[in-house]
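In order, the protein sequences belong to chains A and B.
With this note's numbering applied, the first sequence corresponds to residues 339 to 602, in that order.
With this note's numbering applied, the second sequence corresponds to residues 13 to 294, in that order.
We put the beta carbon where it would ideally sit given N, CA and C, even for glycine.
Structure, as structure tokens:
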Amino acid sequence: MLKTLLYVNEDLASSIALRYTAYLNKFVPISLFVTHVEEPGEKEQVGTGWVRRTWEDGVASSGKRLIDTMLRTENIDCPVAGQSKVFVGDREEKVLYELRSGKYKLFIEGYLNTSNPDQFYEVITSPLYDNAPCPVLIAKNLSLSKKCALLCADSVDPKTLVQESMTILGDSTFAFDIVYYKFQENQRLETLDAKEGGHQLEETLSLLSQVGKKVDNIVVLSGTPEQVGDHLREYALVASTMPSRKSMRMYVLAHSLSSVLLVR
Amino acid sequence: MKILVALDAKDYSKKIVKDVARLAENTLADIIFLGVQEKATEPEKTLVNALLKHQNDVYSYFSPDDLPYAELPSDQWQERAQGDWSISSKGMKEFTLRIRTGSVAKQAVTVAEEIDCDLIILGCSGKFGCEWSGEMNVPLRIAEDAPCSVLVIKQVRSTNQIVSILDQTVITQESLEMINQLVTLHDAGLKIVGVQEKKAAKNDEIEQRMVGLLKYYNDREVGAWVKLVDSDIVKEYVTDSSREAIVALWMGGKQSLIKKLFSQSMVDKLLETTESALLILR
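Spelled out as structure tokens, the structure:
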């Protein structure tokens, strides 16, 4: 069972993330823990000592009610492993602390897909993602697919991609495709010969086979990030390494309609 | 459900009949085939024959046991009013052929209002934009003026994506069902695009509706995805999408942002750029 921390807020992205996590559980058995951080504004914060602790308990209780309501509303088909973890304070700091102390294997949170890739870049370069001790799954959409894509490109280290993504997906029942991306300003998305993927593609394939994973399809796509992001909708999940800069692959991940798993 | 299909003897009309038959099969709809001719005292033979041929094509799509329509009485056209003839049969569902005189756009809208239909379907030739019998503005005028949803099919081709652009107005159950039908018809996925206005208070409402729709279709095992697009790039986004996907625009109420954004010229442009079909939802 994959020990997973899901961040839930009272928003639509979380509603998608909750449902997506339940879907993911059908393929990757997960031990699910849910967390939420109440971030009171400066003016809302009160006192010290006992007064502050009492105030924090009150705020945390309201956060707990929020999670319970979300879980009840979504009525997901995935058991929650333990008590929900509600904190008061800085969201990123508290989530990072929980990820580290709880030794989670995966962190999931929802993201409402937008056409603005900068917004996505801001999320993946935030201190929380930068310092996360485990892979991060950004749930963007629901899915009916049973396939997972490993997204390769020039900037992807095949060893990191395969080793780290297989710690999450190695025991899953997903079918795997390798998608190699080449940027090209085409009118339409083009599928190139597998040879165009070069040694990185070969290495990814070989590493996957070493861990006993069979690849159904190898696809080399040439087009704009928007076109490829759109094409990726046929997958339940797109796994890739965490982009460190605004590369074309980052734009593909930003435009991906499917949820993305980022490893490092 | 009532479907009005505007038809003539041209190729673009012949091509859409199979889609009409599939839609009729899926929805068990009452069907009205409308032909429009120049002023005359009786229905023109060419048009009568074309409508009968299209009707025959729809009937032969069904196996005899599944056909929900009865055979038409042969050659018993009734003159309902001056320049308005019809012939119909009533089986489990009603099938009507109707011929009127006048302009196609005006007659299609008038009949749609009169029979309170749910959907108008028409084809158009893609040679020079989207034209009907040499006239460029027929599909546009029907799409603009119809009281119900309108599906303009330019090319019958397999498309694997329906891109539905979400409005702020109330979404009717009928329009959701219409999208369902289109998805089923093409075995396609559905992209739900919400248009975000900068600094608009209503963005939350749009997001809520988008996610509601995502869940609605996901529960029905329809592959659906959501995406938010800023209002300043939505025209470009939709025009690009229309090249490969069927675009469905909700152009409902008076407050419709889409209606404001997609002026007559924009719908015209979409009809011109689309390589498959355009669905205007109301």
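- Burial check for residue 154 of chain B: the Cβ neighbour count within 10 Å reaches 16 or more, so the residue is buried.
- For residue 371 of chain A, the closest of A:442, A:391, A:482 and A:459 by C-alpha to C-alpha distance is A:442.
- Collapsing the DSSP output to three states places residue 373 of chain A in a strand.
- Inter-segment contact for the segment 425-441 of chain A and the segment 567-585 of chain A is absent: fewer than three beta-carbon pairs are separated by less than 8 Å.
- The three-state secondary structure of residue 46 of chain B, taken from DSSP, is strand.
- Taking a beta-carbon distance threshold of 7 Å, residue 248 of chain B does not count as an interface residue toward chain A.
- Uninterrupted beta strand (DSSP E) stretches at least 3 residues long and entirely within the segment 118-175 of chain B occur at 131-135 and 161-165, given in chain order.
- At a cut-off of 7 Å between C-beta atoms, residue 240 of chain B counts as an interface residue with respect to chain A.
- Collapsing the DSSP output to three states places residue 221 of chain B in a helix.
- Considering only beta carbons, the part of the segment 217-232 of chain B lying closer than 8 Å to chain A consists of 219, 220, 222, 223, 226, 227 and 230, in chain order.
- Contacts with chain A at 7 Å (Cβ-Cβ) include residue 235 of chain B.
- Under the DSSP definition of a beta bridge, residue 112 of chain B partners with B:48 and B:96.
- Residue environment analysis places residue 419 of chain A among the exposed positions, since fewer than 16 neighbouring C-beta atoms fall within 10 angstroms of its C-beta.
- Of the candidates A:479, A:592, A:379 and A:516, the residue whose Cα lies closest to the Cα of residue 427 of chain A is A:379.
- With fewer than 16 other Cβ atoms inside 10 Å of its own Cβ, residue 140 of chain B counts as exposed.
- Straight through space, the alpha carbons of residue 598 of chain A and residue 349 of chain A are spaced by roughly 19 Å.
- For the segment 346-369 of chain A, the set of positions with a beta-carbon nearer than 8 Å to some beta-carbon of chain B reads 350, 353, 354 and 357 in chain order.
- A Cβ of chain B is located within less than 7 Å of the beta carbon of residue 452 of chain A.
- Exposure of residue 53 of chain B is indicated by the presence of fewer than 16 other C-beta atoms within 10 angstroms of its C-beta.
- Interface residue (Cβ-Cβ distance to chain B less than 7 Å): residue 480 of chain A is classified as such.
- By the C-beta density criterion, residue 482 of chain A is exposed, having fewer than 16 other C-beta atoms within 10 angstroms.
- Assigned with DSSP and collapsed to three states, residue 368 of chain A falls in strand.
- Look at residue 595 of chain A: its C-beta is under 7 Å from a C-beta on chain B.
- In the structure shown, the three-state DSSP call for residue 86 of chain B is coil.
- Across the set B:159, B:45 and B:73, the C-alpha of B:45 shows the shortest separation from the C-alpha of residue 60 of chain B.
- One thing to note: residue 491 of chain A has its Cβ no nearer than 7 Å to the Cβ of residue 515 of chain A.
- Along the segment 566-586 of chain A, going in chain order, the ones with a CB nearer than 9 Å to a CB of chain B are 568, 571 and 572.
- Bounds of the beta strand (DSSP E) holding residue 528 of chain A are 528-530.
- Of A:392, A:430, A:396 and A:358, the smallest CA-CA separation from residue 409 of chain A is found for A:358.
- In this structure, the CA atom of residue 225 of chain B is about 11 Å from the CA atom of residue 235 of chain B.
- Contiguous alpha helix (DSSP H) elements confined to the segment 176-207 of chain B occur at 185-198, taking only those with 4 or more residues.
- Under a criterion of Cβ atoms nearer than 7 Å, the residues of chain A adjacent to residue 201 of chain B are, in order, 571.
- Going by C-alpha positions, residue 390 of chain A is about 26 Å away from residue 466 of chain A.
- Proximity of chain A to residue 245 of chain B at the Cβ level (cut-off 8 Å) is accounted for by 453, in chain order.
- The beta-bridge partner set that DSSP reports for residue 262 of chain B consists of B:293.
- If the five residues before and after residue 38 of chain B are omitted, its C-beta is found closer than 8 Å to the C-beta atoms of 193, 196 and 197, all from its own chain and listed in chain order.
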